[in-house]
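Counting from 1 along the sequence shown, just add 49 to a position and that's the residue number in this note's numbering.
Heads up, the beta-carbon is just placed ideally off N, CA and C, and yes, glycines get one too.
Predicted model only: the values in this text are computed from it and were never measured.
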Amino acid sequence: MPKTGDITVKEVMRKRFPKVKSGDSLKSVIKKFYRHNVSILPVFSGRTFAGEIRKMNLLKLIIDVDKIPQEEIIEMGYSVDMGFFAKKAKDLMEKHAVFVREDDTVKDVAWRMLRNSVRSCPVVRKNKLVGIVMVDDIMGRILKEMKR
50 MPKTGDITVK EVMRKRFPKV KSGDSLKSVI KKFYRHNVSI LPVFSGRTFA GEIRKMNLLK
110 LIIDVDKIPQ EEIIEMGYSV DMGFFAKKAK DLMEKHAVFV REDDTVKDVA WRMLRNSVRS
170 CPVVRKNKLV GIVMVDDIMG RILKEMKR
């Protein structure tokens, strides 16, 4: 029996997960977050994985942009974060910087998650999304191993 860190992503990843389309309404996105009790939703444009929406991004919907001091907006960068003006899923979507493969070890993925401050990673095979691995999935496996 391999140690938890040496097992592959394929052994712990979620193959079934809720997803949204880039044109979905924000109401639909919010309902999916709460119906499925997840912190992240992959966004698809057609059959192509386009990015993700994190539950934290929903906070942008309640912030009054007019109340943000000008200097803070300038510090954010030259471009305006359209998430503050979101109408559709694509407006809140972010591109994911960290992708993993099914044959990556959990140990390597845990390190990438820590280094990049992410709680989940899309699992890809030949540029197609085949799953998602989350911190909770890794912790669940560790707990299972501790019970043995």
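Compare the beta carbon distance of residue i and residue j with 9 Å and say whether it is the shorter of the two.
i: M162; j: S88; result: no
i: K68; j: S94; result: no
I believe residue i touches residue j by the beta-carbon criterion, under 8 Å. Please report the beta-carbon distance rounded to the nearest angstrom.
i: K104; j: F82; result: 6 Å
i: L108; j: L75; result: Not confirmed; about 13 Å, so no contact.
i: D140; j: R63; result: Incorrect: roughly 25 Å between the Cβ atoms, too far for contact.
i: E101; j: H145; result: 5 Å
i: V149; j: C170; result: 5 Å
i: I56; j: R197; result: So it is not a contact: roughly 13 Å between Cβ atoms.
Between the C-alpha atoms of residue i and residue j, what's the straight-line distance to the nearest angstrom?
i: K175; j: E151; result: 11 Å
i: I79; j: N165; result: 25 Å
i: D157; j: K137; result: 34 Å
i: V92; j: L178; result: 11 Å
i: I181; j: L90; result: 10 Å
i: R22; j: H85; result: Outside the modelled stretch of the chain, which goes from 50 to 197, sits residue 22, for which no answer is possible.
i: T97; j: G72; result: 13 Å
i: V172; j: E143; result: 16 Å
i: V167; j: S77; result: 24 Å
i: R61; j: V147; result: Looking at the sequence shown, residue 61 is not Arg but Val. So the two alpha carbons sit approximately 17 Å from each other.
i: W160; j: L192; result: 19 Å
i: M188; j: D153; result: 17 Å
i: D106; j: A99; result: The question names Asp, but residue 106 in the sequence shown is Asn. So the alpha carbons of these two residues sit roughly 16 Å apart.
So if DSSP puts residue i in a beta bridge, which residue, or which two residues, is it bridged to?
i: I100; result: Per the sequence presented here, residue 100 reads as Gly, with Ile not at that position. G100 pairs with V92.
i: K137; result: S74
i: S169; result: M183
i: E143; result: E101
i: R174; result: K177
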